[in-house]
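K.L.:
Below are the structure tokens for one structure; questions will follow.
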Amino acid sequence: MFMRQNLPSLLIAAAVGLASTGVAKAQMTEAEYVETYETVKEAVLPALVRVKVVISMESPWGGDPEEQEMEVSGMLISADGQVLLTNSMMGGLYGMMGGIQVTPRDIKVLIGDDTEGLPATLVARDSDRDLCWIKLDDEPSEPLPFLDLEEGAVRPKVGQMIYQVKRLGEFFDRAPVVNEGRITAELKKPRELYYLSVQAVEVGTPVVDAQGHFAGMVVTQLPGADEMEAAGGFSSGFSDSYIWAILPPAEVAKATRDAMSLLEDDE
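So the sequence shown is numbered by this note's numbering: it starts at 1 and just counts up by one.
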């Protein structure tokens, strides 16, 4: 004997069952987390560097210059020692505030377990995209590991989980750390960017997907110059005047090509 069931109830039950199945599939096991973290570390860590720099700051109102020694993250992007990092972390953030003149000097790149560093020179900046490029002064004796900005790169998607590898500071053995975050918005203004509502990652280092493919660079993004001027600059509220967001691979790669072509023209 067949029992007649209410159709809406059946549909609701089916929907709940499908949703439960989807949730179960979406959840990663502990072993899968471990495997993902190892994959991400293997992809990024060899190309990850620390950059020591002395920042000299001069106020537009005069006075003696101030100096600050910093250590920031960077990423090798070529076998001959080109390093990509963010302009804001190389003193550019100070320059955004009140026209302070900022000059980086005594730049040294720490590769792997090196604690002394190799001398390098700042070769180009892109303040709009918050990117900065430095290059080792001396050709390395053998090709260096690097993260390719184009081959295998993936365009981020809203809802995607992304990962970032960074190193702690010198007082904590520069130990590698994996951060993760979920992309929650795609921005079109002032350019294509991807936003993480919870700032689980830090500015200045690359992000990758679960397979270790380059997915962009975390940068400090300001509004357009005209909008900033109309709003009265940072005086209208510094915390509302910038965000940390992911600059996608295509933007990073194009900016790098443009910067390197200008450098070649100067030579």
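We put the CB at the ideal spot given by N, CA and C, even for glycine.
First and last residue of the beta strand (DSSP E) that includes GLU67?
P.N.:
66 to 76
K.L.:
How far does the beta strand (DSSP E) with GLU180 in it reach, from first residue to last?
P.N.:
176 to 182
K.L.:
Within 10 Å of its beta-carbon, does TYR33 have 16 or more other beta-carbons around it, so buried, or fewer, so exposed?
P.N.:
exposed
K.L.:
Within this structure, are the beta carbons of VAL44 and VAL165 separated by less than 8 Å?
P.N.:
yes
K.L.:
From the DSSP output, in three-state form, read off GLU116 for me.
P.N.:
coil
K.L.:
Does the CB of MET260 have a neighbour CB from chain C at under 8 Å?
P.N.:
The structure shown contains no chain C, having only a single protein chain.
K.L.:
Please report the straight-line C-alpha distance between THR103 and MET90, rounded to a whole angstrom.
P.N.:
So the two alpha carbons sit approximately 9 Å from each other.
K.L.:
Spatial neighbours of SER235 within its chain, please: CB distance less than 8 Å, with the 5 preceding and 5 following residues excluded, ordered by chain position.
P.N.:
Residue placement at SER235 is flagged as unreliable, the pLDDT there being 49, under the threshold of 50; a coordinate-derived value is accordingly withheld.
K.L.:
As a quick exercise: from SER73, LYS189 and SER197, pick the residue whose alpha carbon is nearest that of ILE111.
P.N.:
In this structure, SER73 is the residue among SER73, LYS189 and SER197 with its C-alpha nearest to the C-alpha of ILE111.
K.L.:
Give the straight-line distance between the Cα atoms of LEU247 and ARG257, rounded to the nearest whole angstrom.
P.N.:
Straight-line Cα distance between these residues: approximately 15 Å.
K.L.:
Please name the residue, chosen from ALA253, GLU186 and GLU264, that lies closest to TRP244 on a Cα-to-Cα basis.
P.N.:
Closest option to TRP244, Cα to Cα, is GLU186.
K.L.:
Whose CA, out of PRO65, LEU93 and ILE107, lies closest to the CA of VAL54?
P.N.:
ILE107
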